[in-house]
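Numbering (our numbering), first residue to last: 472 to 751.
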Amino acid sequence: MARIMRWALRATLLAVVLASQSTRAAEGETRIHWYGQSAWKIETPSGGVILIDPWLTVPTNPDKRSITALRRVDYIMVTHGHSDHVGDAVEIAKQTGAVLVAPYGLQLTMKSMLGYPEEQATLATGGNVGGTIELPRAGARVTIVNAVHGSELTPPHIPDPGSGQPGSVASGNPVGYVLHIDGGPTIYHTGDTDVFEDMKLIPMFQHIDLMLACIGGHFTMDPARAALAVDWVEPTHVIPMHFGTFGLLAGTPDQFRAALAKYNRADRLVVMKPGEDRAF
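Here it is, written out as structure tokens:
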């Protein structure tokens, strides 16, 4: 009986050790989830949760309960003021207490016009191009980089024609984000942009492990121009986004792969579908 109990104890201890090792391995991962369009959830090795351009109600998202399913969000990062990028930020912030990271002008406008909670959107996380903001709750920091686009915020209720009230309000500069994760990858979210030569500066300051690149065209760079951006940034991996949500966003991953092949970069392409997760 004593021998059986010793074996049982050893088996229990081994199970605890293996479970602990499995937990540590999971904690060491950075996990990303694509909702569709430009909306991403990033879970860091420290357990932090960051949302970028959180339009979780995007039509291509297969999970219609994505907002109510959120348990923890530390930061919401918004690249510019268009509705498909501001998305559901205010609702999520009120539900989770998430802190807003955004260009300073956009941050002010989201508070005054959309009701983003004042205490969750302070100067500490409202910056501009060239600045780096610490994100201690997520074990990360983010550098704000340029993007070539617009950043008009549309009021919740568009005025009637002829009212004399503006249909949109300029809201700071459009930006991209370079997210440096402690113990994890460095991720470049391009925001909405065309390819532009300042992208060449990004790999001069840090290697990009993962680039999230818009490819839809019409409002942003198309697959051919996005492939040139990848050639300049030189990421280890690139995932296309901002395509297929509407008919005008006609660029496809297959077109992107063909364009990348011209620069011998096709092996860097990782294609995801809305609702999918990946670990890096």
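All C-beta atoms, glycine included, are put in the ideal place defined by N, C-alpha and C.
Judged by DSSP secondary structure, Trp-511 falls outside any alpha helix (DSSP H) and instead within the beta strand (DSSP E) spanning 510-514. Ranking Met-743, His-504, His-678 by CA distance to the CA of Pro-656 puts His-678 first. Using a Cβ distance threshold of 9 Å, Asp-524 and His-556 count as a contacting pair.
Looking from the CA of Tyr-648, the closest CA among Gly-601, Arg-736, Lys-535, Gly-576 belongs to Gly-601. Among the bridge pairs identified by DSSP, Asp-748 is matched with His-504. Taken atom to atom, the span from the alpha-carbon of Val-549 to that of Leu-731 is near 28 Å. Just measuring C-alpha positions, the residue of Phe-714, Thr-723, Val-616 sitting nearest Met-675 is Val-616.
His-708 places its beta carbon less than 9 Å from that of Leu-740.
In the DSSP assignment, Tyr-575 falls within the unbroken alpha helix (DSSP H) covering 575-585. With contacts defined by Cβ atoms closer than 9 Å, Val-529 and Ala-569 do not form a contacting pair. Rounded to the nearest angstrom, the gap between the Cα atoms of Gly-507 and Ser-537 is 12 Å.
One Cα belongs to Lys-744, the other to Gly-635, and the distance between them is close to 42 Å. Short of 6 Å from the beta carbon of Ile-513, and not among the five residues preceding or following it, lie these beta carbons of its own chain, in chain order: Ile-503, Ile-521. Counting along the chain, Ala-611 sits inside the beta strand (DSSP E) bounded by residues 611-617.
For Ala-730, the uninterrupted alpha helix (DSSP H) segment begins and ends at 724-732. Remark: C-beta atoms of Thr-501 and Ile-652 approach each other more closely than 9 Å. Between Trp-511 and His-660, the gap from beta carbon to beta carbon is short of 9 Å. Gly-576 is positioned such that its CB atom lies closer than 9 Å to that of Ser-642. Cβ-Cβ distances below 7 Å link Gly-688 to Leu-720, Ala-721, Gly-722 in the same chain, with the five nearest sequence neighbours on each side left out; the list follows chain order. Excluding five sequence positions before and after Met-682, the CB atoms of its chain that fall closer than 6 Å to its own CB belong to Tyr-659, Val-704, Pro-706, Val-709, given in chain order.
By alpha-carbon distance to Glu-590, the top candidate from Leu-606, Ala-611, Lys-565, Glu-605 is Lys-565. Secondary structure at Val-640: strand, using DSSP grouped into helix, strand and coil. When the alpha-carbon of Ala-540 is set against those of Gly-552, Asp-680, Glu-562, His-553, the nearest one is in Glu-562. A Cβ-Cβ separation of about 7 Å places Ala-698 in contact with Lys-733 under the 8 Å criterion.
Distance from the CA of Gly-718 to the CA of Asn-532, rounded to the nearest whole angstrom, comes to 16 Å.
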